[in-house]
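Enquirer: Encoded as structure tokens, here's the structure I'll be asking about.
Numbering (the working numbering), first residue to last: 1 to 250.
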């Protein structure tokens, strides 16, 4: 677990530097690539979590499947308005591959790993309730990620509109459906390959990762005046984490 620890420490250092630069508006234009790299680090931590929990083969396949499936779905969404609604990615979240930022696949790895740990804490028996909790946890994250990335960062442009910061409701239902299906996949893997080992440290890191990512986007929302998104996400994410901790303290 040496590499896990090194990457996690790098993520924490990168995170702290980012908080300072963003809080005081010190991020220069030439350093915009650091935002994508930040999510890549977070996604790598998610991949390593699956790698450790389910073993080299199953964990690697799971991580690759999550990355590829979400990347393809996001690409289909941007190209033919599939699942999420009508939107287009800009070049501000580069590097892009086939019109989709590579960091998107890493972001989904982070989302799936962190919500997996929290949802499983709430419903340790797994099943559709676990998958639904994981889907809701993902939507809670997107309540803050999407307004910030769309309105403040300009990483993508919505061509549809909706009641929540002009983001269509299909985006959030799409997030839930995709996360729900992927959590069902993880649930099936858990039943086929029960994990008898204890990795408390890794699970704690995933919970912390969920909190840190959400907190950073909340900070950006506050700085950008998106108060509804900041307050709503803070309340819902705090409730989600608190419920997980109450059911199975990590």
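Every residue, glycine too, gets a C-beta built ideally from N, C-alpha and C.
Using beta-carbon positions only, say whether residue 110 and residue 45 come within less than 8 Å of one another.
Expert: Residue 110 sits at position 110 when you count from the first residue of the chain shown. Residue 45 sits at position 45 when you count from the first residue of the chain shown. It is a contact, given that the beta carbons lie within the stated cut-off.
Enquirer: When the Cα of residue 90 is compared with those of 78, 84, 112, 83, which residue comes out closest?
Expert: Here residue 90 is taken as the residue at index 90 of the chain shown, counted from 1. Among 78, 84, 112, 83, the Cα nearest to that of residue 90 belongs to 78.
Enquirer: Which first and last residues belong to the beta strand (DSSP E) in which residue 88 is found?
Expert: Reading the chain shown from its first residue, position 88 is the one you call residue 88. From DSSP, the beta strand (DSSP E) with residue 88 extends over 87-89.
Enquirer: Would you call the region 202-217 and the region 234-247 touching, i.e. three or more CB-CB distances under 8 Å?
Expert: Touching, per the Cβ criterion.
Enquirer: Flag residue 87 as yes if its beta-carbon sits less than 8 Å from any beta-carbon of chain D, otherwise no.
Expert: This model lacks chain D altogether, as it is built from one protein chain only.
Enquirer: Answer yes if the region 176-191 comes into contact with the region 133-140, meaning at least three C-beta pairs across the two stretches below 8 Å, and no otherwise.
Expert: Yes: at least three Cβ pairs fall under 8 Å.
Enquirer: Would you report the Cα separation of residue 18 and residue 54, rounded to the nearest angstrom?
Expert: One-based indexing of the chain shown puts residue 18 at position 18. One-based indexing of the chain shown puts residue 54 at position 54. When rounded, the distance between both Cα atoms is 32 Å.
Enquirer: Nearest CA to the CA of residue 62: which residue from 186, 105, 167?
Expert: Translated into the one-based positions of the chain shown, residue 62 becomes position 62. Per the Cα distances, 186.
Enquirer: Quickly, what does DSSP pair residue 101 with across the bridge? List them, please.
Expert: What you label residue 101 is simply residue 101 of the chain shown in a count that begins at 1. According to DSSP, residue 101 bridges with 96.
Enquirer: Between the Cα of residue 220 and those of 35, 163, 115, spot the shortest distance and give me the residue it belongs to.
Expert: Counting from one through the chain shown, the residue named residue 220 turns up at place 220. Minimum Cα distance to residue 220 is reached at 35.
Enquirer: Mark residue 196 as exposed unless 16 or more other C-beta atoms lie within 10 angstroms of its C-beta, in which case mark it buried.
Expert: As a working note, residue 196 is residue 196 in the chain shown. Residue placement at residue 196 is poorly supported in this model, since its pLDDT is 47, which falls under 50; the coordinates still yield a value, given next. Label assigned to residue 196: exposed.
Enquirer: Between the alpha carbons of residue 232 and residue 52, how many angstroms are there, rounded?
Expert: Against the chain shown, residue 232 aligns to sequence position 232. Against the chain shown, residue 52 aligns to sequence position 52. Their backbone Cα atoms lie some 33 Å apart in a straight line.
Enquirer: Verify the contact flag: residue 99, CB atom, against every heavy atom of the ligand MN, threshold strictly below 7 Å.
Expert: The model depicted lacks the ligand MN and carries no ligand whatsoever.
Enquirer: Can you tell which of 29, 132, 26, 119 has the C-alpha that lies nearest to the C-alpha of residue 173?
Expert: For the purposes of this step, residue 173 is identified with residue 173 of the chain shown, where counting begins at 1. Comparing Cα positions, the closest option is 132.
Enquirer: Assess, as a yes-or-no matter, whether the region 67-74 is touched by the region 89-108 under the definition of 3 or more beta carbon pairs within less than 8 Å.
Expert: Yes: at least three Cβ pairs fall under 8 Å.
Enquirer: Can you look up residue 164 in the DSSP assignment and give me helix, strand or coil?
Expert: On the chain shown, position 164 is the one that residue 164 refers to. The answer is strand: DSSP assigns residue 164 an E or B state.
Enquirer: Locate the alpha helix (DSSP H) running through residue 123, then write down its first and last residues.
Expert: What you label residue 123 is simply residue 123 of the chain shown in a count that begins at 1. Segment: none, residue 123 is in no alpha helix (DSSP H) and carries neither H nor E.
Enquirer: Does the region 145-155 come close enough to the region 115-123 to have 3 or more Cβ pairs within less than 8 Å?
Expert: Cβ pair count under 8 Å is below three, so no.
Enquirer: Could you compute how far the alpha carbon of residue 184 sits from the alpha carbon of residue 143?
Expert: Here residue 184 is taken as the residue at index 184 of the chain shown, counted from 1. Here residue 143 is taken as the residue at index 143 of the chain shown, counted from 1. Near 22 Å, if we compare the C-alpha coordinates of residue 143 and residue 184.
Enquirer: Count the other CB atoms within 10 Å of the CB of residue 11; is the residue buried (16 or more) or exposed (fewer)?
Expert: Translated into the one-based positions of the chain shown, residue 11 becomes position 11. Classification for residue 11: buried.
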